[in-house]
Amino acid sequence: MGIQSPSASISRYHVEGRLEKPVIETVRRGLKKNIVVDIDRESIETSVGWTSFHKPYQPNFEGPSFIFGTVFVFSLRIEKKTVPPKLLQKHFMLASAERLAKTGQRYLSRNEKQVLKEQVANQLIQRMPATPNVYDLIWYPEESTLLFFTNLKSANEELETIFLRSFGVSLIRLFPYTAAELMSGLSDSERDVLQTLKPTDFNK
Amino acid sequence: MDTDKSQRLFRSADPDLVGLEIGNRIVLENRRNEALERITIRGEEANLAEGLLALQKGALVTEISLNFRSADYLWQFSLKGESLNVSNFKTPKIALPESPEDLEGFVLEKAYLFDKILQFIEKTYNLFLKQRLSPQWQTDIVPKVSTWMAAKRTTLKNN
């Protein structure tokens, strides 16, 4: 569900802080620093990183690929491997039987079982391909705003973390109270009223 | 409430606006009792009587789908009150890029189409906020809404 989808979901952010100049090079450096890593042949469960908007499975931040007019457009790719519990159980039971046959033991201790289960899980994770999720974003550096194309809480949390780590500026999610504080140009007296607001009862 | 007046108010947030209509979904929630009550009204021809009844019991609109018309163009989107998140966001159709050279034009046009509505939401929210934080909220606006609800209740009873 991104920029090219017929139907999109959008979360809005305010970008807090100033980027080091030259801005384009700062952004490029941040993107390269946290470029998404392919984990298909690794025993790693999750990979979170930046990828190119137009080629999400062949990220490349050389050249102007992430610059569109006055905005930056790129994507966050989250790759996850999840071992189904039944698959893990099957391979754990097979590995347990093999271990018992090899060692002549009658049973495995609790500790041995735990270690074996972790080994089996790691082997399965290494063998299985990761499921990718790609979320586009549009960053308006002149307005210090950013649109992130999902409302999914976990993806928004990953974005907030990696954005700060990459560019040294933080993201503030625009929900009603932060929008009022940051975007509405309220006077001091209006801000005071805002702090004390209570839900209105229209049925009095 | 005065429909022309509300359309004028919305038009002050975007002069290109021709009409803003409620779409095919409204969610109302009543949090005043201990248990949360949620009412969802769906469908193009949905009867809003149930929603009005919920409003009268103290529920508030927490999510609404809206149609924004400007010239011959239509934007459709759902807006959540709690987060200001926009979902099911459909802009007027534009041709998908056929080559890498088309991509920049496509993205910039799409960004403009998204931004037009997001700016509209922001400005409308600011207009609301100014009213909500003013003394007129209690003295003028709340009584008007209550009167509107009472008038609607009477109309519903008579029908």
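Protein chains in written order, with the numbering used here: chain A, 140 to 343; chain B, 25 to 183.
Ideal Cβ placement from N, Cα and C applies to all residues, glycine included.
Computed from a predicted model, the values in this text were never measured in an experiment.
{"Check": "Using a Cβ cut-off of 8 Å (strictly closer), state whether B:Ser-170 contacts chain A.", "Outcome": "yes"}
{"Check": "Just checking my contact of A:Leu-247 with A:Glu-297 at CB under 8 Å: how many whole Å lie between their CB atoms?", "Outcome": "That belief does not hold up - the Cβ atoms of A:Leu-247 and A:Glu-297 are roughly 37 Å apart, past 8 Å."}
{"Check": "So, helix, strand or coil for B:Asn-109, using DSSP?", "Outcome": "coil"}
{"Check": "Take B:Ala-37 as the anchor and find which of B:Glu-122, B:Gly-82, B:Ile-145 and B:Asp-164 has the nearest alpha-carbon.", "Outcome": "B:Ile-145"}
{"Check": "So with Cβ pairs under 8 Å, would you call A:Glu-329 a contact of chain B?", "Outcome": "yes"}
{"Check": "Do you know offhand how far A:Glu-181's Cα is from A:Arg-304's?", "Outcome": "24 Å"}
{"Check": "Quick check on the DSSP output: the alpha helix (DSSP H) that includes B:Leu-76 runs from which residue to which?", "Outcome": "73 to 80"}
{"Check": "For a contact defined as C-beta to C-beta under 8 Å, what are the partners of B:Gln-80 on chain A?", "Outcome": "Asn-342"}
{"Check": "Can you give me the Cβ contacts of A:Leu-255 inside the same chain, cut-off strictly under 8 Å, excluding the 5 residues immediately before and after it?", "Outcome": "Phe-231, Ala-234, Ser-235, Arg-238 and Leu-247"}
{"Check": "Counting only Cβ pairs nearer than 8 Å, list the residues of chain B close to A:Met-322.", "Outcome": "Glu-146 and Asn-150"}
{"Check": "Give me the chain A residues within the contact set of B:Leu-132, using Cβ-Cβ distance strictly less than 7 Å, ordered along the chain.", "Outcome": "Phe-207 and Gly-208"}
{"Check": "Identify the contact partners of A:Ile-277 in chain B, using a Cβ-Cβ distance below 7 Å as the criterion.", "Outcome": "Ala-135"}
{"Check": "Relative to the C-alpha of B:Val-110, which candidate in B:Arg-35, B:Ile-65 and B:Thr-86 has its C-alpha closest?", "Outcome": "B:Thr-86"}
{"Check": "Which residues of the region 144 to 167 of chain A have a Cβ closer than 7 Å to any Cβ of chain B? Give them in chain order.", "Outcome": "Pro-145, Ser-146, Ala-147, Ser-148, Ile-149, Ser-150 and Arg-151"}
{"Check": "Looking only at C-alpha atoms, which of A:Lys-220, A:Arg-266, A:Glu-329 and A:Arg-312 sits nearest to A:Pro-286?", "Outcome": "The identity of residue 286 of chain A in the sequence shown is Leu, whereas the question assumes Pro. A:Leu-286 has its Cα closest to that of A:Arg-312, out of A:Lys-220, A:Arg-266, A:Glu-329 and A:Arg-312."}
{"Check": "Is the Cβ of B:Pro-116 closer than 8 Å to any Cβ of chain A?", "Outcome": "no"}
{"Check": "Does DSSP put A:Ile-142 in a helix, in a strand, or in coil?", "Outcome": "coil"}
{"Check": "Could you name each continuous beta strand (DSSP E) segment of 3 residues or more that falls completely within the region 233 to 260 of chain A, going from the start of the chain to the end?", "Outcome": "none"}
{"Check": "Grab the span of the alpha helix (DSSP H) containing A:Arg-167 for me, first residue to last.", "Outcome": "162 to 172"}
{"Check": "When the Cα of A:Gln-253 is compared with those of A:Met-267, A:Gln-228 and A:Ile-264, which residue comes out closest?", "Outcome": "A:Gln-228"}
{"Check": "Just list the alpha helix (DSSP H) runs in the region 285 to 309 of chain A, keeping only unbroken ones of 4 residues or longer that don't cross its boundaries, in chain order.", "Outcome": "292 to 306"}
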